[in-house]
Amino acid sequence: MNFPDAIVQLAGFYPVRVVKSGKHEIYVECTHKTDHHLKGTIIDEQGQPVAYANIALLNPVDSTLLSGGVSNESGYFAIPYEQEKILIRISYVGYKTIYRLCDKDNVGTIRMHPDSYKLNGVEVKGQRPLVRMKDDAFVTTVEGSYLAKMGTGNDVLGQIPGVLRNGENIEVIGRGKPLIYINGRQMRNPSELDQLSSDQIKDVDVIMTPGAKYDATVKAVIRIKTIRPVGEGFSFNSRTVAGVNHYVYGLEELNMNYRTGGLDIFGMAEYENRRSRQTNDSRQDTYLQSHYQQNSLMHYYNKNQMLAGKLGFNYMLNDKHSIGMTYTVTSRPNSQTSDYFTTMLIDKQTDDQIIGRGKVDGGDIQHIISGYYAGQTGKWSLDANADVLFQKQNSDSQTFEDATQGDDRTVTTRNDVKNRLYAAKFVAGHPLWKGKLEIGAEGSYVHRTDVFGNLERIIDASDTKIEENSTAAFVQLMQRLNKLTLIAGLRYEYLDSRYYEGGVKMGDESRTYSDLFPSQPLLEAVVPRQPLAGTQLQMADGND
Numbered sequence: 033m034n035f036p037d038a039i040v041q042l043a044g045f046y047p048v049r050v051v052k053s054g055k056h057e058i059y060v061e062c063t064h065k066t067d068h069h070l071k072g073t074i075i076d077e078q079g080q081p082v083a084y085a086n087i088a089l090l091n092p093v094d095s096t097l098l099s100g101g102v103s104n105e106s107g108y109f110a111i112p113y114e115q116e117k118i119l120i121r122i123s124y125v126g127y128k129t130i131y132r133l134c135d136k137d138n139v140g141t142i143r144m145h146p147d148s149y150k151l152n153g154v155e156v157k158g159q160r161p162l163v164r165m166k167d168d169a170f171v172t173t174v175e176g177s178y179l180a181k182m183g184t185g186n187d188v189l190g191q192i193p194g195v196l197r198n199g200e201n202i203e204v205i206g207r208g209k210p211l212i213y214i215n216g217r218q219m220r221n222p223s224e225l226d227q228l229s230s231d232q233i234k235d236v237d238v239i240m241t242p243g244a245k246y247d248a249t250v251k252a253v254i255r256i257k258t259i260r261p262v263g264e265g266f267s268f269n270s271r272t273v274a275g276v277n278h279y280v281y282g283l284e285e286l287n288m289n290y291r292t293g294g295l296d297i298f299g300m301a302e303y304e305n306r307r308s309r310q311t312n313d314s315r316q317d318t319y320l321q322s323h324y325q326q327n328s329l330m331h332y333y334n335k336n337q338m339l340a341g342k343l344g345f346n347y348m349l350n351d352k353h354s355i356g357m358t359y360t361v362t363s364r365p366n367s368q369t370s371d372y373f374t375t376m377l378i379d380k381q382t383d384d385q386i387i388g389r390g391k392v393d394g395g396d397i398q399h400i401i402s403g404y405y406a407g408q409t410g411k412w413s414l415d416a417n418a419d420v421l422f423q424k425q426n427s428d429s430q431t432f433e434d435a436t437q438g439d440d441r442t443v444t445t446r447n448d449v450k451n452r453l454y455a456a457k458f459v460a461g462h463p464l465w466k467g468k469l470e471i472g473a474e475g476s477y478v479h480r481t482d483v484f485g486n487l488e489r490i491i492d493a494s495d496t497k498i499e500e501n502s503t504a505a506f507v508q509l510m511q512r513l514n515k516l517t518l519i520a521g522l523r524y525e526y527l528d529s530r531y532y533e534g535g536v537k538m539g540d541e542s543r544t545y546s547d548l549f550p551s552q553p554l555l556e557a558v559v560p561r562q563p564l565a566g567t568q569l570q571m572a573d574g575n576d
């Protein structure tokens with residue numbers, strides 16, 4: 033590797049930018065400029081570096097996620113942060129999770145200890161799953177590892193190196209929210225991860241630098257491959273979740289399957305019921321000619337339900353061709369009641385007090401139809417998939433306010449949102465020299481309407497519509513040269529987006545563009561583990 037690429041590889045996930053100037057000068061710059069950088073080294077029980085361990089930085093007050101990072105091949109990590117004191121969480125599959133409160137930048141060496149689980153009286157000792165670099169992705173093997181016993185797809189992704197789970201949200205460190213694919217099909221319903229059992233997952237790929245195969249705005253991609261079912265006949269399994277979090281909540285899921293020959297017919301039914309409460313106590317100070325202060329105490333009570341069903345089939349025509357289709361329907365009725373008390377002061381003298389209460393009833397229903405084809409013709413591999421989505425959302429709210437100085441008022445609103453999506457993607461691949469050439473195309477059409485109204489006309493009504501056509505074509509080349517993998521590609525995109533208010537097209541918000549996006553060449557290498565702490569990088573001459 034050349035010197036700048038070697039530095040980037042050794043830095044691992046650390047956010048750095050390397051610039052070479054002339055023959056003899058190389059500038060290495062941290063792209064996250066903060067007052068603090070949490071640094072340390074993670075080792076296992078035998079003193080060996082632990083690579084790809086997840087380090088999450090949490091707020092010590094409420095354990096909310098602030099940022100995170102991943103240890104590199106030497107077990108070293110350096111993560112920018114702002115707060116004076118933080119709570120760190122270090123996790124890796126097969127090892128006990130470590131929590132540590134830190135008020136210093138350097139935490140030194142942290143030793144992780146194996147964890148063990150007892151399942152039906154059988155003790156399984158933790159082992160690190162196989163994590164390796166393959167082509168453009170970090171590949172984590174789930175089948176046969178502890179990850180297969182985690183529970184759901186959400187639970188698995190929360191343990192994958194480079195991936196953080198914040199509630200039900202999945203995020204790739206330093207890249208944000210990723211696109212998630214399951215068996216080559218883009219996931220369009222977040223509930224799919226919760227409905228996917230961990231023992232059905234074969235492996236997970238995390239792509240930090242998506243190439244020309246993906247939209248130019250995509251910063252990260254997660255690809256999930258599942259295990260092909262075996263055996264024939266009828267089978268079913270169920271999953272029950274119950275707990276208490278202020279209120280009793282529960283989930284019941286039933287999966288059914290029938291296989292004969294190359295035909296696989298499956299179905300799923302799920303029901304979930306959750307209740308929650310929340311208190312928000314806030315104070316806002318504004319300093320102008322006078323000191324304005326607003327104190328608010330709010331209580332929220334939420335009730336959320338989910339009813340979901342799935343029906344589909346997979347059919348293997350022969351060893352080289354397979355097709356499949358899935359229909360999924362999901363309904364999420366919800367309601368919220370709230371009460372609040374607000375005091376407004378001017379120069380510490382009470383100006384007004386407002387007592388309010390409100391109620392919101394709403395929900396959404398979503399239909400998704402997905403189909404795919406995967407085949408092999410000669411040396412060409414062919415993959416095609418298509419999705420159709422229909423979604424309706426509605427929300428009715430009513431708020432009552434009683435004021436000591438101002439007017440009492442009632443605010444009644446109604447919001448209706450409708451979404452339609454049609455999308456398709458086709459990819460063809462062919463071996464070329466020591467790698468693979470891939471070409472493909474994709475397109476989508478989106479139609480969205482959003483109507484908002486207020487009965488008392490206190491809030492302005494709105495009626496908006498968005499129509500968007502998108503098409504793209506791409507070519508990508510991957511070559512393996514010993515321990516090096518080189519990936520380069522080119523993508524063409526065309527987008528026509530039209531925005532309407534009250535049926536009138538808005539020129540400023542509507543846009544049409546087309547452009548070529550060359551993907552930055554990606555060079556990956558297998559680098560032996562070397563200690564980074566205290567290492568000095570020094571240039572002897574321009575050829576180093």
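Using our numbering, you'd call the opening residue of the sequence shown number 33 and step up by one each time. We treat Cβ as the ideally placed atom computed from N, Cα and C, and that holds for glycine.
For S427 and A435, the rounded distance between their alpha carbons: Looking at the two C-alpha atoms, the distance is approximately 26 Å.
Check for me: the beta strand (DSSP E) holding Q437 runs from which residue to which? Following the DSSP letters along the chain, one finds Q437 in no beta strand (DSSP E), marked with neither H nor E.
In angstroms with no decimal places, state the Cα-to-Cα distance between Q232 and L516. Cα to Cα, the separation comes out at about 32 Å.
Tell me, please, whether the CB atom of V139 is closer than 8 Å to any CB atom in chain D? Included in the structure is just one protein chain, with no chain D present.
Cβ pair L339, Y359 closer than 8 Å: It is not a contact, given that the beta carbons lie outside the stated cut-off.
Quick one: any contact between the region 512-530 and the region 236-248, if contact means 3 or more CB pairs under 8 Å? With the rule of 3 Cβ pairs closer than 8 Å, the region 512-530 counts as touching the region 236-248.
Please name the residue or residues paired with W465 in a DSSP beta bridge. Under DSSP, W465 shares a beta bridge with no residue.
Run through DSSP, which three-state label would T66 get? Coil, per DSSP.
If you compare alpha carbons, which of L228, R260, L211 is closest to M240? When each option's Cα is compared against that of M240, the closest is L211.
Leaving out the 5 sequence neighbours to the left and right, which residues in its chain are closer than 6 Å to H68 when beta-carbon positions are compared? Once the five neighbours on either side are set aside, the close Cβ partners of H68 are Y113, D137.
Check whether the region 504-511 and the region 467-474 touch, using three or more Cβ-Cβ pairs below 8 Å as the test. The answer is yes - the region 467-474 touches the region 504-511, with three or more Cβ pairs under 8 Å.
CB-CB under 6 Å to L225, same chain, minus the five flanking residues each way: which ones, in chain order? The residues are G185, N186.
Proximity to K578 [Cα-Cα], best of E474, E525, K537, G461: This structure leaves residue 578 out entirely; the chain is present only between 33 and 576.
Close beta carbons around Q265, own chain, < 8 Å, minus the five adjacent residues each side: Note that residue 265 is Gly in the sequence shown here, rather than Gln. Here the set comprises Y290, R291, T292.
According to DSSP, is D492 helix, strand or coil? In the structure shown, D492 falls within a coil segment according to DSSP collapsed to helix, strand and coil.
Could you tell me the boundaries of the alpha helix (DSSP H) in which Q227 lies? Q227 -> alpha helix (DSSP H) spans 223-227.
Same chain only: Cβ atoms within 6 Å of N336, ignoring 5 sequence neighbours per side: R306, N366.
Could you tell me whether the Cβ atoms of P92 and K117 are closer together than 8 Å? The Cβ atoms of P92 and K117 sit closer than 8 Å to each other.
Chain-order list of residues whose beta-carbon lies under 7 Å from that of T249 (same chain, five-residue window excluded): There are no such residues.
Note down the Cα distance separating V361 from L179, rounded to an integer number of angstroms. In this structure, the CA atom of V361 is about 28 Å from the CA atom of L179.
Quick one: give me the first and last residue of the beta strand (DSSP E) that G269 is part of. Inspection of the sequence shows that residue 269 is occupied by Asn rather than by Gly. Run containing N269: 265-277, per the beta strand (DSSP E) assignment.
Could you check the C-alpha separation between N201 and A252 for me, to the nearest Å? Distance between the alpha carbons of N201 and A252 is about 14 Å.
Within a Cβ cutoff of 6 Å, which residues of the same chain sit near S370, ignoring the five residues on either side of it in sequence? Excluding residues up to 5 positions away in sequence, Y332, G390 lie with their Cβ nearer than 6 Å to the Cβ of S370 in the same chain.
C-alpha gap between M348 and S354, whole angstroms: Using only the alpha carbons, I get a separation of about 4 Å.
Considering only residues of the same chain and omitting the five flanking positions on each side of N451, which have a CB-CB separation below 6 Å? Once the five neighbours on either side are set aside, the close Cβ partners of N451 are Q423, R480.
Using 8 Å as the threshold, is the region 441-450 in touch with the region 403-419, meaning 3 or more CB pairs across them? With a cut-off of 8 Å, the region 403-419 and the region 441-450 do not count as touching, because too few Cβ pairs lie within range.
Helix, strand or coil at Y178 according to DSSP, with G and I counted as helix: Helix at Y178.
Specify the secondary structure class of Q115 as computed by DSSP and reduced to three states. Assignment of Q115 by DSSP, reduced to helix, strand and coil, places it in the coil class.
Return the bridge partner residues of H331 from the DSSP annotation. BP columns for H331 point to T311, D371.
Would you kindly work out how many angstroms separate the C-alpha atoms of S546 and N221, rounded to a whole number? Rounded to whole angstroms, S546 to N221 spans 29 Å at the Cα level.
Report all residues from its chain with a CB closer than 6 Å to the CB of Q326; omit the five preceding and five following residues, and keep chain order. Cβ neighbours of Q326 beyond the five flanking positions: Q316, M376.
If we call anything under 8 Å between Cβ atoms a contact, is R143 one with Y131? With respect to the 8 Å criterion, R143 and Y131 are not classified as neighbours on the basis of their beta carbons.
In the DSSP output, which residue or residues are listed as bridge partners for A24? The chain is shown from 33 up to 576; residue 24 falls before or after that span and cannot be answered.
Return the CA-CA distance between V420 and I378, expressed in angstroms with no decimal places. Between V420 and I378, the alpha-carbon positions lie close to 55 Å from each other.
Around the C-beta of N152, are 16 or more other C-beta atoms found within 10 angstroms, so that it is buried, or is it exposed? Its pLDDT being 47, under 50, N152 is placed unreliably in this model, and the coordinates cannot settle the point.
DSSP three-state call for Q316: helix, strand or coil? Correct three-state label for Q316: strand.
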